[in-house]
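Top line first, the protein sequences correspond to chains X and Z. Using the working numbering, read the first sequence as starting at 38 and increasing by one per residue. Using the working numbering, read the second sequence as starting at 451 and increasing by one per residue. Positions of the beta carbon are idealized from the N, C-alpha and C atoms, including for glycine. Since the structure is predicted, the reported quantities are computational estimates derived from the model, not experimental observations. Just below is one structure, and these are the notes that go with it.
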Amino acid sequence: MSTHVDKQGLVNYSCFMDEKTIKLTKVTNIADGLAGVVALRRLADQLEDTLVERAMREGWTWPQVAEALGVTRQAVHKKHAKRLLAAGVELRKRNG
Amino acid sequence: MVRKRITPFHSVIQGAREEACAAGSRTIEAEHILLALSSQKGSKAKEILESTGLDHEAIRDALNCEFEKSLLAVGIQLEDSEFTSRSRNPDFQPRFAQSAKLAVHRAAALESKRIAPHLEPIHLLFGVLDAKAGTVPRILGIIGVDLGELRDRVEKALSLIRKH
Chain X
38 MSTHVDKQGL VNYSCFMDEK TIKLTKVTNI ADGLAGVVAL RRLADQLEDT
88 LVERAMREGW TWPQVAEALG VTRQAVHKKH AKRLLAAGVE LRKRNG
Chain Z
451 MVRKRITPFH SVIQGAREEA CAAGSRTIEA EHILLALSSQ KGSKAKEILE
501 STGLDHEAIR DALNCEFEKS LLAVGIQLED SEFTSRSRNP DFQPRFAQSA
551 KLAVHRAAAL ESKRIAPHLE PIHLLFGVLD AKAGTVPRIL GIIGVDLGEL
601 RDRVEKALSL IRKH
């Protein structure tokens, strides 16, 4: 089973919902597996950027995004604020 | 005010930084140096790369292919690798990753005067190609480059530089 990622960077979670788990392919070749680790880190970065932008466009606050990602508000703000401002995203400072 | 001369070596490093930014990468990797070398007009490094089929587009395509193949190796299938279009921080400065640092160190180790004015893009090409593992050897394998022959040509070019 593979986990599919569409062109908007959104993971198709249906396979998670059915089986409650991701079955990673058994890595037979160590070099391929290690390259996979590198690619997964890059994919995680790309997904984070895509989804944080979507969240902020949909009105999430920095504390909400930070809590969802398990990092501090300062960390998520430092990492994403300039990028989102440059993209014209209206950033909310407080909830409500 | 004294303006610092931009050497071809520095120009490749700046190019690698731009390649990393364009790819949305938070770090400058060895493959970004390779991409920059393939864009360095008039350089011996670009000439050697192109003669073995390694132009900018071929390297870019191989990088996308390697990314997808590496994800497949751990069970992740991308339906479209072009989903990377994301907003960019115009002020963001990617930092050097270990793969790029190693390439620069290998380049510098070729000459006794390990400072940039004595180093050319071809030194960097040697440094990038000398990697034993990682993304660059993998994309060269995908393209089907004869790495031994490519290294020989780079070493010959380096020996010509030393004679002058």
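Burial state of Z/His-555 (16 or more Cβ within 10 Å): exposed
Check distances from the C-beta atoms of the stretch 512–523 of chain Z to those of chain X and list, in chain order, the residues that come in under 9 angstroms. Glu-516, Phe-517, Glu-518, Lys-519, Ser-520, Leu-521, Leu-522 and Ala-523
Is Z/Gln-490 helix, strand or coil when you go by DSSP? coil
How about X/Ala-92 and X/Val-108: are their beta carbons less than 8 angstroms apart? no
Nearest by alpha-carbon distance to Z/Ile-478: which of Z/Pro-544, Z/Asp-596 and Z/Leu-600 is it? Z/Pro-544
Beta carbon of Z/Ala-550 nearer than 8 angstroms to that of Z/Ile-572: no
Should Z/Arg-455 go down as buried or exposed, given a rule of 16 or more other Cβ atoms within 10 Å for buried? exposed
Is the CB of X/Glu-152 under 8 angstroms away from at least one CB in chain Z? Examination of residue 152 of chain X is not possible in this model, given that chain X is present from 38 through 133 alone.
In whole angstroms, what is the alpha-carbon distance linking Z/Glu-518 and Z/Val-595? 19 angstroms
Within 8 angstroms, strictly: CB atoms of Z/Ser-537 and X/Glu-85: no
If you pair each beta-carbon of the stretch 572–592 of chain Z with each one of the stretch 506–523 of chain Z, do three or more pairs fall below 8 angstroms? yes
Would you kindly check if the distance between the Cβ of Z/Gln-490 and the Cβ of Z/Val-462 is under 8 angstroms? yes
May I ask you to list, following chain order, the residues of the stretch 76–88 of chain X that have a beta carbon less than 8 angstroms from some beta carbon of chain Z? Ala-76, Leu-77, Arg-79, Leu-80, Asp-82, Gln-83, Asp-86 and Thr-87
So which residues on chain X does Z/Ile-483 lean against when the C-beta distance must stay under 8 angstroms? By Cβ distance, chain X contributes nothing, its closest Cβ being about 16 angstroms from Z/Ile-483, past 8 angstroms.
Cross-chain neighbours of Z/Pro-544 in chain X, by beta carbon under 7 angstroms: None at all; the shortest Cβ gap to chain X is about 12 angstroms.
Let me know the secondary structure DSSP gives Z/Ile-478 once reduced to three states. strand
Please list the terminal residues of the continuous beta strand (DSSP E) segment that includes Z/Gln-527. 526–528
Leaving out the 5 sequence neighbours to the left and right, which residues in its chain are closer than 7 angstroms to Z/Ser-488 when beta-carbon positions are compared? Lys-496, Leu-499, Leu-504, Asp-505, His-506 and Ile-509
If the cut is a Cβ gap below 8 angstroms, which residues of chain X does Z/Asp-541 touch? Lys-119
What first and last residue would you give for the alpha helix (DSSP H) that runs through Z/Ile-593? 585–593
Taking only three categories from DSSP, how would you classify Z/Arg-545? strand
8 angstroms Cβ cutoff met for X/Arg-129 and X/Gly-96: yes
Proximity test, Cβ basis, 8 angstroms: Z/Gly-594 and chain X: no
Give a yes or no on whether the minimum CB-CB distance between Z/Gly-598 and chain X is below 8 angstroms. no
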